[in-house]
Amino acid sequence: MRIGVVSDTHGKPEFFRRAVEQMGKIDLLIHAGDHYKDALSIGKEAGLKVVAVGGNCDWFSPGPDEEELEIEGYRILVTHGHMYGVKAGTSRLAEKLREGKYDLVVYGHSHVPEITRLQAGYLMNPGSVSSPRMGCKRTYGIVEIDKNGLIPHIRELDWPS
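The numbering of the sequence shown is the working numbering, which starts it at 2 and goes up by one.
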């Protein structure tokens with residue numbers, strides 16, 4: 002199973018479409034908020050199943066605050082992160098892992114890519130394909146689930162300068 006992960010696309014579909022192309026064959030597309038409806042339309046164009054949550058910039062079309070998934074025995078929480086104060090740190094999301102309910106927590110909001118491996122699982126922020134911050138590149142995520150387990154990756158968007 003290959004899962005494409007994006008967040009914070011902010012209504013810039015050209016970057017998002019390029020990311021989906023670069024992801025190759027994926028079985029699911031996750032959008033962690035801020036213009037999550039981009040994922041619904043682009044996912045439909047690409048014939049992909051989509052799981053998406055709303056973010057702080059989705060006031061014009063509010064989506065769910067969180068989604069819980071179980072895929073091949075792995076439990077995944079998708080949230081935008083603004084309700085957990087992720088710009089000040091991820092301790093509140095890490096607590097979700099420590100509680101034992103999830104193996105992976107996907108979030109956005111900061112526009113800064115990050116994968117943190119904790120004893121209980123992974124925190125993953127795919128960054129932003131359209132509006133990176135803190136000197137970061139345009140990025141998206143891939144989660145691979147196979148016989149070796151659940152492995153998250155950050156990929157840089159190949160985009161002309």
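Beta carbons: idealized from backbone N, C-alpha and C, even for Gly.
Note that the structure is a prediction, hence the values are computed from the model and not measured.
Minimum C-alpha distance to Gln23 - residue among Ser92, Gln120, Ile4
As a working mapping, residue 23 is identified with position 22 in the sequence shown. Of the listed residues, the one whose Cα sits closest to Gln23 is Ile4.
Report the residue from Gly64, Ser92, Thr91, Leu98 whose alpha carbon sits nearest the alpha carbon of Leu78.
The count along the sequence shown starts at 1 and reaches residue 78 at position 77. Minimum Cα distance to Leu78 is reached at Leu98.
Beta-carbon contacts of Tyr75 that lie in its chain and below 7 Å, excluding the five residues immediately before and after:
Residue mapping note: residue 75 aligns to position 74 of the sequence shown, counting from 1. Only Asp104, Leu105, Ile146, Leu151 meet the Cβ criterion.
Out of Ser92, Asn149, Leu124, Gly12, state which residue places its alpha-carbon closest to the alpha-carbon of Gly142.
Here residue 142 refers to the residue found at position 141 when the sequence shown is read from its first residue. Nearest C-alpha to Gly142: Leu124.
Round the Cβ separation of His32 and Val51 to the nearest angstrom and send it over; I've been treating them as touching at under 8 Å.
Here residue 32 refers to the residue found at position 31 of the sequence shown. Here residue 51 refers to the residue found at position 50 of the sequence shown. Val51 and His32 do touch by the CB rule: their CB atoms are close to 7 Å apart, below 8 Å.
Mark Ser62 as exposed unless 16 or more other C-beta atoms lie within 10 angstroms of its C-beta, in which case mark it buried.
Here residue 62 refers to the residue found at position 61 when the sequence shown is read from its first residue. Label assigned to Ser62: exposed.
Taking only three categories from DSSP, how would you classify Asp39?
Translated into the one-based positions of the sequence shown, residue 39 becomes position 38. Helix at Asp39.
Nearest to Arg19 by CA position, among Met2, Ala47, Met84, is which residue?
Here the question's residue 19 lines up with position 18 in the sequence shown. Of the candidates Met2, Ala47, Met84, the one whose C-alpha sits nearest the C-alpha of Arg19 is Ala47.
What are the start and end residues of the alpha helix (DSSP H) that includes Glu15?
To locate residue 15, count along the sequence shown from 1; it is residue 14. Glu15 -> alpha helix (DSSP H) spans 14 to 24.
Quick check on the DSSP output: the alpha helix (DSSP H) that includes Arg99 runs from which residue to which?
Along the sequence shown, read from residue 1 onward, the residue named residue 99 stands at position 98. Its alpha helix (DSSP H) spans residues 92 to 99.
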